[in-house]
Each structure stands twice: as structure tokens, then as C-alpha cells.
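So the sequence lines, in the order shown, correspond to chains A and B. Quick note, our numbering runs 6 ahead of the 1-based positions in the first sequence. Numbering follows our numbering, with no gaps: position 142 of the second sequence is 141. Idealized CB from N, CA, C, for every residue including glycine. Quick caveat: nothing in here was measured; it's all calculated off a predicted structure.
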Amino acid sequence: MENPLSLWHFYLRNKRKVIPVIGILALAILGVVVTDSLLASARETAYATFGSYQKLILVAPRATRDQDLANPLADSLNQLRDVQLKVDTLDGPGGLTAYYDAVIAIPARLRAQLPAVQQLQIDAANARYYAARLRGDLVPLGDLIVRVQRLQSEQQSFDQLVQQLTQNPSDPRPLITYLQQHQTWLQSVLPDTAQLGRLQGAVSNASADAAGLQRSLQAMSNDTANLNAAGQNVANLPVPPSPSATIDQFKSALDRLTSSLGAIQAPQPGLDQLVAASARIPGAAFVKRDAYSNLDINLLAGNAQFDLYGVDQPGMRQLLSLYGDQVIAGRLPQANASEIVLSEEIARSRQVWVGGKVGNNLDELDRLPDAFTVVGIIRGPTRLGIIPLDYMTEHYLFERRYQGLVVVPQAGQEQAVHDQLQKLIGDSAFRLFDWTYIKGKIDSLIANLDTINHFLILLVTIVLALVVGLLNNLFFRQRMNEFGLLAAVGYSRWGLIFRVAWESLGVTLAAWILGVGLGVVLLSWFNMIFMVPHGLLMNVFDWNVLALHTLPIPLMVFLFGMGTVAWQLLRLDPISIIERRD
Amino acid sequence: MLSAQDLALDYRSGSSVAHAVDTVSVAVERGSFVGLIGPSGSGKSSLMYLLSGLKRPTRGTVAFEGQAYRDISSSGLIRLRRQRFGFVFQQHFLINYLSAFENVMVGAVKRNHEVAAYAQQLLRRVGLGDKLRQRPYQLSIGERQRVAVARALVHRPAVVFADEPTASLDQATGREVIRLLADYRTDGGGSVVVVTHDPAMLTGADRVLQMRDGPLQPARGRRHCPSWRR
Chain A
7 MENPLSLWHF YLRNKRKVIP VIGILALAIL GVVVTDSLLA SARETAYATF GSYQKLILVA
67 PRATRDQDLA NPLADSLNQL RDVQLKVDTL DGPGGLTAYY DAVIAIPARL RAQLPAVQQL
127 QIDAANARYY AARLRGDLVP LGDLIVRVQR LQSEQQSFDQ LVQQLTQNPS DPRPLITYLQ
187 QHQTWLQSVL PDTAQLGRLQ GAVSNASADA AGLQRSLQAM SNDTANLNAA GQNVANLPVP
247 PSPSATIDQF KSALDRLTSS LGAIQAPQPG LDQLVAASAR IPGAAFVKRD AYSNLDINLL
307 AGNAQFDLYG VDQPGMRQLL SLYGDQVIAG RLPQANASEI VLSEEIARSR QVWVGGKVGN
367 NLDELDRLPD AFTVVGIIRG PTRLGIIPLD YMTEHYLFER RYQGLVVVPQ AGQEQAVHDQ
427 LQKLIGDSAF RLFDWTYIKG KIDSLIANLD TINHFLILLV TIVLALVVGL LNNLFFRQRM
487 NEFGLLAAVG YSRWGLIFRV AWESLGVTLA AWILGVGLGV VLLSWFNMIF MVPHGLLMNV
547 FDWNVLALHT LPIPLMVFLF GMGTVAWQLL RLDPISIIER RD
Chain B
0 MLSAQDLALD YRSGSSVAHA VDTVSVAVER GSFVGLIGPS GSGKSSLMYL LSGLKRPTRG
60 TVAFEGQAYR DISSSGLIRL RRQRFGFVFQ QHFLINYLSA FENVMVGAVK RNHEVAAYAQ
120 QLLRRVGLGD KLRQRPYQLS IGERQRVAVA RALVHRPAVV FADEPTASLD QATGREVIRL
180 LADYRTDGGG SVVVVTHDPA MLTGADRVLQ MRDGPLQPAR GRRHCPSWRR
């Protein structure tokens with residue numbers, strides 16, 4: 007025989023009161039499920055995006071002054087101007103030409119009688135020759151000046167842009183204009199490797215010619231001294247330029263220029279030694295040189311730079327084998343080609359497939375220069391992006407400066423290899439990136455969102471507990487007669503409290519199940535239509551989210567609602583209700 | 000069966016004391032219909048609360064079947080009310096989301112087919128056999144009070160306490176309700192204690208006691224109404 011006071015009767019006969027409460031609670035729980043799942047998705051996607059670090063350690067240069075291309079460029083400019091000034095002085099009024107003219111002006115008879123004067127004439131001619139050559143040598147260096155000056159004007163444009171945006175942040179036009187110009191300035195301003203080689207050759211020639219000039223001037227000085235020592239004063243012969251004062255300054259200016267240009271072209275200092283030493287670390291499975299770069303991708307929690315490994319051909323296959331990834335479409339990049347292979351999730355995130363292009367030329371947020379053609383798609387447990395080492399190091403000036411190495415420790419040797427690498431690096435301009443470091447960075451990125459999310463959950467819980475608690479109390483007051491009668495005819499207080507508790511528990515439980523169920527359905531749909539196509543990870547059945555993070559809401563609502571009702575039930579006086587004449 | 004000796008109930012408000020019930024002794028025999036009448040504020044409802052264990056007396060004792068209430072725990076008294084007593088109040092106090100039949104079953108101690116059949120029988124006897132599934136708001140006031148009477152009787156209580164059961168009813172309906180209660184003496188074998196301010200409602204009572212200041216007095220001018228007996 008059915009109990010008329012059963013929960014089923016209660017819910018069935020009070021649908022109009024119960025369903026709205028269940029609905030409100032379920033919607034709140036749904037909201038928490040969705041926001042929490044998206045946050046968890048952001049974390050999981052970030053973990054997956056940088057998951058390659060779980061099996062390797064990246065040794066990358068630190069951005070020190072040595073790594074800063076702008077400094078050697080600026081130094082070169084200064085040295086070049088210095089050199090020009092010195093040559094102008096040497097070959098200008100009162101310089102070599104004046105001296106040569108004075109020598110030529112000596113009467114031929116006198117010059118014939120004095121071999122020292124003849125020698126002086128020869129040496130002065132040589133000096134003029136070298137000075138003229140030196141001027142010619144400086145012409146290609148002027149190209150560098152122009153480029154560096156453009157770099158400086160770029161800096162001015164950038165400063166101007168920042169100023170404009172600061173003054174009027176809502177007007178994007180200066181930014182768009184700047185970006186349009188900016189797209190190509192790297193290519194147009196920076197010299198490529200061949201140009202840089204020619205420049206270095208020019209500087210080298212200049213240096214040799216400067217040495218010849220120095221020798222000639224020295225000889226002239228000696229000739230003059232010899233003439234004076236012989237007591238044969240040559241009228242109107244000026245004192246030649248001092249080799250020690252002028253040429254030394256000139257030569258040292260040229261040497262500094264050579265050094266600055268060398269710093270631009272030279273690969274990461276100390277890298278070769280580091281690669282060799284790392285390969286000898288016990289526990290290192292393999293070590294590869296890496297010219298790394300980045301692609302900009304969206305991680306839900308914001309944009310991130312996806313790391314690309316620039317390795318040689320064997321290294322590409324070794325990386326795929328290490329992670330158990332496979333090329334499912336296309337092929338691996340060829341040597342010395344602007345080609346890239348990407349994991350399918352990253353390709354989806356960037357809306358590209360085989361034949362598509364990525365790079366700074368197409369997306370200003372990519373650090374990968376130019377435009378690389380996607381030649382292959384990878385599928386597997388770890389997201390990877392691989393580019394050819396040789397192409398990166400031979401074609402892009404900046405990328406030469408960002409060479410490092412990839413060290414893959416054997417299983418269980420991660421910490422030991424890490425410690426050994428750290429010891430090898432010492433104080434040099436390198437640093438290690440491993441999973442602990444990367445995970446810490448991701449967690450710190452997500453931590454702020456986590457805090458906001460927890461605050462929102464707390465807020466929702468408090469507000470809902472108050473709202474539903476008040477509704478509960480309102481409902482309870484409407485049922486005062488029922489409880490008064492039941493207490494009067496012999497239903498115990500605790501029996502009534504338990505009854506109300508079961509009723510509340512049923513409502514909150516139903517709301518929780520409904521909210522979580524709706525959440526799963528909604529997230530599954532969202533996962534299908536948005537997350538997967540954009541290469542974002544979402545675990546629809548994350549029980550940590552579904553259970554742990556949503557339970558505080560029904561629990562708090564239940565406890566608060568029940569607490570107030572139980573308190574009133576314990577103080578309930580059935581006689582006062584019976585005697586009420588309303 | 001139910002007896003009270005020198006019962007008193009005081010209400011204190013600051014330094015003043017109001018004597019709601021003042022030294023009352025009464026005995027209710029098995030199968031009897033006892034009426035309690037008195038003017039408003041004479042303490043008749045309070046006496047009923049004391050007799051049914053809804054209130055503890057300030058002084059005096061109440062005993063049911065020889066056991067004094069003071070020797071019974073609170074939970075024991077609650078059990079007593081639930082299992083051995085039935086209640087009808089001035090208002091019907093029906094649960095509005097339950098049907099007439101379900102409201103009657105709220106009073107049942109055991110819920111089985113036999114009790115359910117008895118509940119239906121009671122409802123038929125009170126003239127609501129065709130309204131078993133009706134909700135309280137679909138019934139008239141008199142019908143609701145009859146459902147309340149059936150609810151008070153469904154578990155075959157030893158004593159039925161009715162506190163002004165006819166106050167909100169018209170004369171004819173009131174008489175019908177009182178007759179239903181009076182019939183319980185013979186049909187259910189229980190005792191009935193009816194509190195009312197209307198002496199006309201107690202014409203079928205075996206004994207009518209009048210509440211005034213001081214001890215209960217047998218009411219004068221009481222007469223039987225044999226037609227109530229079946």
C-alpha cells in the first residue's frame with residue numbers, strides 16, 4: 007500500500023513548485039559544468055600542445071646582449087662612420103694628396119740626386135692608391151648603413167605607433183597601417199647570409215688596404231727621417247701624416263667593424279661544444295641541434311606560441327619515433343626547403359592542411375619567418391611541428407641566433423640528464439626547458455583563470471543557497487498546516503525533519519543529475535562542432551569537473567535550505583497552528 | 000480508561016499567572032461520548048490538549064489505561080497520540096496535494112490493503128464514496144471536515160478528541176459530523192471527547208461536562224438524542 011506521504015507523491019503533486027527549483031539549480035550546475043570544462047579544456051589543450059616536453063629537454067640560448075642583433079648592427083654603424091671619418095681626414099686637405107703633390111713639386115734634379123726622395127715619391131703614390139681603394143671598399147658597407155638606418159626608422163615608427171595607440175586606443179587604423187608595413191620590413195631591412203658575406207669581404211679588403219696604407223705611410227715617414235738625417239733639407243716638403251696616430255685608429259676601427267659583423271653572422275657561440283658535451287652525458291638517448299621557432303595558436307585561455315623543432319632529416323624521424331607519431335598525410339620536409347610538418351590538431355587550429363602555408367608572412371604573430379608550406383600531417387599522442395634545420399640556419403638571420411639543442415633522456419634518466427645539462431651550461435647564455443618548467447608556466451597561466459572560476463562557483467553557490475533556501479522557507483511556510491497537523495497527530499519532529507530532508511535531497515539530487523546530464527550533452531555537442539575542428543582538447547566526461555566541482559552547489563543549497571527548515575521544525579508548536587483561525 | 004486528576008495549566012506572563020485549567024478532574028470511560036462545553040476562554044481546548052498529551056499540565060496527572068503521562072517519555076507520548084488517539088480540529092487541516100482517500104491514509108498507522116479498504120469504507124460512510132480521488136480544494140467545507148473525521152478514525156483509535164469540530168460548519172453539517180463521531184462508540188468501540196461551545200451539538204453525548212472556573216460540572220438540561228444511534 008502506497009504511503010501518501012511518500013516522496014513520489016510529494017514531487018508528483020507539487021510539480022509546479024518543485025520543477026522551477028530543479029530548473030534553477032540545474033541551470034546553475036550546467037553553467038558550472040560548462041565553465042569548468044572549458045577551463046579544464048584550456049589546461050588539457052595547453053598540456054597537449056606542449057606535451058613534447060614530457061620526453062625531451064630543450065637547451066635554448068638566453069636573450070643576452072650577445073644574442074641581440076641590434077647591438078652589433080649599431081656598433082657596426084658607429085665603426086663604419088668612424089672609418090669614413092678617418093679616411094676622409096687622411097685623404098682630405100693637408101692629407102695624403104697634399105703630401106704627394108709636395109713631393110712631386112720637388113725639382114726633378116733634386117729628386118734624381120736623392121734616392122730617398124725617389125723612394126718617398128713611390129711610397130706616397132702607394133699611400134694614395136690604398137686610400138682610394140679604401141674609399142671603394144666602403145661603398146658596399148654603405149648598404150649596411152642604409153639598412154641599419156631603416157632599422158632605426160622602424161624603431162621610430164614603432165614608437166610613434168605606440169604613442170598614437172596610447173592617445174587614441176579605440177582607433178585601430180594606425181595599428182593596421184603599421185602591421186601592413188611591418189609584414190615585409192624584416193625581409194627588406196635585414197641582410198641575408200649572402201649579402202652579409204659580401205659585406206664581410208668588403209670589410210676584409212678594407213682592412214688589407216688599410217694595412218697597405220699603413221705600410222706606405224710608415225715608409226714615407228722613414229724616408230723623411232732619412233732625408234733629414236742626411237742633412238739635405240728639402241724645402242716646402244710637409245710633414246707626412248703620422249702612421250701611429252692615424253693609421254692605428256683607422257685599423258682598430260676596422261677591426262671593431264669586422265668583429266661586429268662577425269657577431270651577426272656567427273651561430274650561437276659555444277653551441278658546438280655544448281652539442282658535443284651533451285652527447286656524452288650518460289642517460290641521453292640522443293642529442294640533436296635545433297633551430298627552433300614558433301607558430302601562434304589559440305588555446306582557449308589565450309594565444310600561445312607552439313614550439314617547432316628545426317632538426318635534420320634523421321632527427322625528424324627520431325622525434326616521430328620517440329613520440330609514436332606518424333605522418334598520415336603528405337611527407338616529412340625536405341632538406342633546405344621552406345617546408346613544415348604539423349600535428350593534425352595544430353593544423354586544424356591553424357585551419358591548414360597539406361599544401362597550406364604558415365609563417366610570419368601570413369600571420370604577424372608567428373615567429374616562424376616567411377611562409378612555410380605544410381607538406382605533411384602528423385597523427386599521434388603528442389603534438390609536433392617540425393622544420394628543416396639547414397633551411398632555418400642558412401636563410402634567416404634571426405633564426406641563426408636561436409639555435410639550441412634537443413636532448414632526449416632515456417626513460418627514468420630525465421632528472422639525471424637535466425642535472426648534467428645544467429652543470430654543462432653553467433653560466434653560459436643557455437637555459438633548459440623541460441616538462442616541469444613548461445607545466446609550471448601553464449599552471450601559472452591557468453591559475454588566474456582558476457581563481458576567477460572558483461570565485462564564480464563560490465558566488466553562484468552562495469547566491470543559489472540563499473535563493474533556493476528562501477524558496478524552501480517560503481514553501482515550508484505554505485505547508486505549515488501540514489506539518490502542524492502531522493506533529494499534533496503524532497508524527498515525530500525528527501521524522502518530519504527527515505522527510506523534509508529527503509524531499510530537499512531529492513530536489514537537489516535531481517537538479518544535479520539534470521545539470522550534469524545537460525552539461526555532458528551540451529559539451530559533447532560543443533566538442534563536436536567547435537573544439538575538435540579547432541584542435542582543442544575537451545574531456546566531456548571529466549569526473550573531476552562533473553562531480554567534484556559541481557557538488558558544492560547542491561550540497562550548500564541542501565544544507566542551507568535544510569538547516570533553516572529544520573530549525574523551524576524543531577521550534578514548531580502544533581497547538582499554535584491548530585488554534586490559528588485563518 | 001482516560002482519567003485526569005486535579006489538572007491545572009497555568010500561563011505565566013511576567014509576574015501575572017493565567018489559569019487556563021484550574022484543578023480539573025475527569026474520567027472518560029471506554030466507549031463513551033463525553034462532551035465538554037463552556038464559554039470561550041474557559042479552558043476547554045486546553046483541557047483537551049492536556050488529556051491528549053499535546054500539553055504537559057502545570058499540576059495534576061493524566062493517565063491512559065492506568066499509565067500516567069508523566070511516566071511516559073516525549074517520544075512515548077508522541078507514539079500514544081499517533082497510535083491510540085484520533086484528532087479532529089476546528090479546521091480540517093487536510094494536505095492539499097493529497098486526495099481525500101490519501102488524506103485519510105495519513106492517519107493510518109499501518110498501511111495495508113485492509114486499512115485502505117477501511118479508509119474507503121469510512122469515506123463511504125461519511126458520504127464521500129464517490130469523491131475518493133478528489134483533492135481538498137474540490138470538496139465543500141463540510142466534506143473536508145468529514146474527511147478529517149475519517150482520518151481521525153482510520154487507525155481505530157481508543158480515544159477520539161474533537162476540538163470544536165463544527166465551529167466552521169453550518170448547523171446541519173455540524174450535526175452530521177458529530178453524529179459520525181458519536182457512531183464511533185459503537186462502530187469502532189472507542190471513546191469520543193468533543194469540545195464545543197454549542198450545547199446543541201452534544202445532544203447525543205453520554206456525558207456533558209461544563210467548563211467554568213473551578214471543577215467540571217455536569218451540564219444541566221442535557222438530553223439524549225436516540226436517533227443518532229444506529
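What residues from chain A crowd round residue i, counting only those whose CB sits closer than 7 Å?
i, result
"M104(B)", "P10"
"L179(B)", "The premise fails here: L179(B) is roughly 18 Å from chain A at the closest Cβ pair, so nothing lies under 7 Å."
"L50(B)", "Those do not exist, as L50(B) stays about 13 Å from chain A at its closest Cβ, beyond 7 Å."
"I36(B)", "Simply none; closest approach about 18 Å."
Quick one: residues in its chain with C-beta nearer than 6 Å to the C-beta of residue i, no 5 flanking neighbours on either side, listed in chain order?
i, result
"A516(A)", "I28"
"A17(B)", "Y10"
"F16(A)", "E509"
"L448(A)", "One detail in the question is off: residue 448(A) reads as Ile in this sequence, not Leu. Excluding sequence neighbours, I448(A) sits near A52."
"I463(A)", "V38"
"A285(A)", "V293"
"W227(B)", "At W227(B) the pLDDT is 30, less than 50, meaning the model places this residue with poor confidence; the figure from the coordinates comes in the next sentence. Cβ neighbours of W227(B) beyond the five flanking positions: R178, A181, G203."
"S210(A)", "none"
"Y106(A)", "A130, R134"
If the cut is a Cβ gap below 9 Å, which residues of chain B does residue i touch?
i, result
"P387(A)", "Under the 9 Å cutoff, chain B gives no residues; its nearest Cβ is about 57 Å from P387(A)."
"N487(A)", "Q90, F92, L93, I94, N95"
Which bits of chain B does residue i rub up against, with CB to CB less than 8 Å?
i, result
"L578(A)", "Within 8 Å Cβ-Cβ: nothing; L578(A) doesn't reach chain B, min ~13 Å."
"G460(A)", "In the sequence as displayed, the identity of residue 460(A) is His instead of Gly. Ordered by position in chain B, no residue passes the 8 Å Cβ test against H460(A), which lies about 40 Å from the chain."
Could you say which of the options lies nearest to residue i if we only look at CA atoms?
i, options, result
"A377(A)", "P387(A), I384(A), M398(A), A282(A)", "M398(A)"
"I456(A)", "A48(A), G501(A), A104(A)", "The question names Ile, but residue 456(A) is Asp in the sequence shown. When each option's Cα is compared against that of D456(A), the closest is A48(A)."
"A166(B)", "S24(B), A99(B), V108(B), M200(B)", "M200(B)"
"Q30(B)", "R155(B), S39(B), L49(B)", "According to the sequence shown, residue 30(B) is Gly rather than Gln. Looking at the Cα atoms, R155(B) is the closest of the given residues."
"R124(B)", "Q66(B), D186(B), S73(B), Q133(B)", "D186(B)"
"L8(B)", "P38(B), A26(B), F88(B), S44(B)", "S44(B)"
"S344(A)", "M226(A), S43(A), G316(A)", "G316(A)"
"A181(B)", "S24(B), L6(B), V33(B)", "V33(B)"
"P3(A)", "M568(A), P580(A), L520(A)", "A query on residue 3(A) cannot be resolved here, the shown segment of chain A reaching from 7 to 588 and no further."
"L477(A)", "R22(A), L374(A), G276(A)", "R22(A)"
Here's a check: name, in chain order, each residue in its chain whose Cβ is nearer than 7 Å to the Cβ of residue i, leaving out the five neighbours to either side.
i, result
"L219(A)", "A133, Y136, A137, L140, I253"
"Q193(A)", "Model confidence at Q193(A) stands at a pLDDT of 49, short of 50, so the residue's coordinates are unreliable; what they give is reported in the following sentence. If we look at Q193(A) and ignore the five residues flanking it on each side, it has no Cβ neighbours."
"A151(B)", "G85, F86, V87, G106, V159"
"G362(A)", "V380"
"M544(A)", "S43, S47, L529, N533, M537"
Output, in chain order, the set of chain A residues within a Cβ distance shorter than 8 Å of residue i.
i, result
"K54(B)", "I581"
"R78(B)", "G496"
"R81(B)", "V495, G496, Y497"
"S190(B)", "What S190(B) touches in chain A: nothing, since even the nearest Cβ is about 17 Å away."
"E101(B)", "P10, H15"
What does residue i touch in chain B if you count any residue whose Cβ is under 7 Å from its own?
i, result
"I584(A)", "F88"
"L491(A)", "F92"
Leaving out five residues before and five after residue i in sequence, what residues of the same chain have Cβ atoms less than 8 Å from its Cβ?
i, result
"L305(A)", "A48, T51, A52, T55, L542"
Original post:
Listed from N- to C-terminal order along the chain, which residues in the stretch 7 to 32 of chain B have their beta-carbon within a distance smaller than 8 Å of any beta-carbon of chain A?
Top reply: none
Subject >> Residues of the stretch 495 to 522 of chain A with Cβ closer than 8 Å to any Cβ of chain B, in chain order >> reply: If the cut-off is 8 Å between Cβ atoms, the stretch 495 to 522 of chain A has V495, G496, Y497, S498 near chain B.
**OP:** Examine the Cβ distances between the stretch 327 to 340 of chain A and the stretch 447 to 456 of chain A and report whether three or more of them are shorter than 8 Å.
**Re:** The stretch 327 to 340 of chain A, when compared against the stretch 447 to 456 of chain A, does not touch it at the 8 Å Cβ threshold.
Subject >> Cβ contact (3+ pairs, closer than 8 Å) linking the stretch 493 to 507 of chain A and the stretch 80 to 94 of chain B >> reply: yes
Original post:
Would you call the stretch 33 to 52 of chain A and the stretch 411 to 422 of chain A in contact, with 3 or more CB pairs under 8 Å?
Top reply: no
Original post:
Are at least three pairs of beta-carbons, each pair with one atom in the stretch 432 to 444 of chain A and one in the stretch 531 to 551 of chain A, less than 8 Å apart?
Top reply: Contact between the stretch 432 to 444 of chain A and the stretch 531 to 551 of chain A is absent, because fewer than three Cβ pairs lie under 8 Å.
Subject >> At least 3 beta-carbon pairs within less than 8 Å: the stretch 74 to 81 of chain B vs the stretch 51 to 59 of chain B >> reply: yes
Subject >> Sufficient close CB pairs (3 or more, under 8 Å) joining the stretch 140 to 156 of chain B to the stretch 94 to 106 of chain B >> reply: yes
Original post:
the stretch 18 to 36 of chain A: which residues have C-beta closer than 8 Å to a C-beta of chain B, in chain order?
Top reply: R19, N20
**OP:** Evaluate the contact criterion for the stretch 57 to 64 of chain A versus the stretch 546 to 557 of chain A: three or more CB pairs, one atom per stretch, below 8 Å.
**Re:** no
**OP:** Spell out a yes or no on whether the stretch 157 to 165 of chain B and the stretch 190 to 200 of chain B are touching, meaning 3 or more CB-CB pairs, one atom from each, closer than 8 Å.
**Re:** The answer is yes - the stretch 190 to 200 of chain B touches the stretch 157 to 165 of chain B, with three or more Cβ pairs under 8 Å.
Original post:
Does the stretch 568 to 578 of chain A come within contact of the stretch 497 to 507 of chain A, defined as at least 3 CB pairs closer than 8 Å?
Top reply: Yes, the stretch 568 to 578 of chain A touches the stretch 497 to 507 of chain A.
Subject >> Within 7 Å of chain A by C-beta, residues of the stretch 145 to 169 of chain B in sequence order >> reply: none
**OP:** Report the residues of the stretch 132 to 145 of chain B with a CB closer than 9 Å to any CB of chain A, ordered along the chain.
**Re:** R134
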